[in-house]
Every structure is written in C-alpha cells, then in structure tokens.
Amino acid sequence: LSNNLGSLSITDCAFTGALPTELGQLKEMKQMWVSSNQLQGTVPTELGKMSHLERFELFGNPKMRGNMPQEVCDLRDPNGLMEDLVADCASGAIQCTCCTDCN
C-alpha cells in the first residue's frame, strides 16, 4: 500500500471479508468510504493510526459487528482531525459512542 494515499472509496463494490488491518498503514489518508459492501467482522484498531483521517464512512455493511475501537474514536477527540464518522450504530450492529451519524 502507498503511504501517500489521501482518499479511498470502495463504496458499492460488493467487497466481502474483513476490513484489512493494513489500512492502518495509510497514515496520510484523509477520507475513506467503505460503505454498502458485504464486509464482516469488527473495525480494526489499527485504523486509529490514520492520524490525518477527516472522514470515515462504514455504514451499509450489515455483517460488521462489535464496538468502534477507542483508537478510532480518539481521532475525533478535540485534538483529532476527524469531523465525520458514520457507521451502522443505529441498528446496534456497531456500538459507537463517537460516531457523528448512525445509520
């Protein structure tokens, strides 16, 4: 993976399986959309290493479960850059206390 990648959209691509932990190596990533796929499992804690992430959309993956990792939530704290974090937390599939929008 290129560490200089600034944005990634894999929305509506019918991806299956787990969200790769290697995405956390994309330290310059500012925007990432992985919505409306068939991803499963949990949100990797490694995504918390993406310190420049401003927008992360993960909704529409009904097989994803668990808690939004604290490492990802920390990107939203007052010193973090993340303005938008969207997940399937309204349904309870992903528990997220730091999401800006729950679908």
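Residues in the sequence shown are numbered consecutively from 21, following the working numbering. Think of the CB as a built atom: it goes at the ideal place given N, C-alpha and C, for glycine as much as any other residue. Since this is a predicted model, take the numbers as computed values, not measurements.
Per the DSSP secondary-structure output, S29 pairs in a beta bridge with W53. By the criterion of a C-beta distance shorter than 6 Å, C93 is surrounded in its chain by C118, once the five residues flanking it on both sides are discounted.
Assigned with DSSP and collapsed to three states, C93 falls in helix.
The beta carbon of R96 sits closer than 7 Å to those of M102, L105, C118, all from its chain and outside the five residues before and after it, given in chain order. Residue pairing by DSSP puts R75 in a beta bridge opposite Q51, D104.
With at least 16 other beta carbons inside 10 angstroms of its own, D108 counts as buried. Where T117 is concerned, there is no enclosing beta strand (DSSP E), because DSSP gives it neither an H nor an E. For A38, DSSP records a beta bridge to Q60. Rounded to the nearest whole angstrom, the C-alpha separation of L25 and W53 is 13 Å. Close CB contacts of L73 within its chain, under the 8 Å cut and outside five residues either way in sequence, are with M49, K50, Q51, M52, L67, L95, L101, M102 (chain order). With a contact defined as Cβ atoms closer than 8 Å, Q60 and A38 qualify at about 6 Å.
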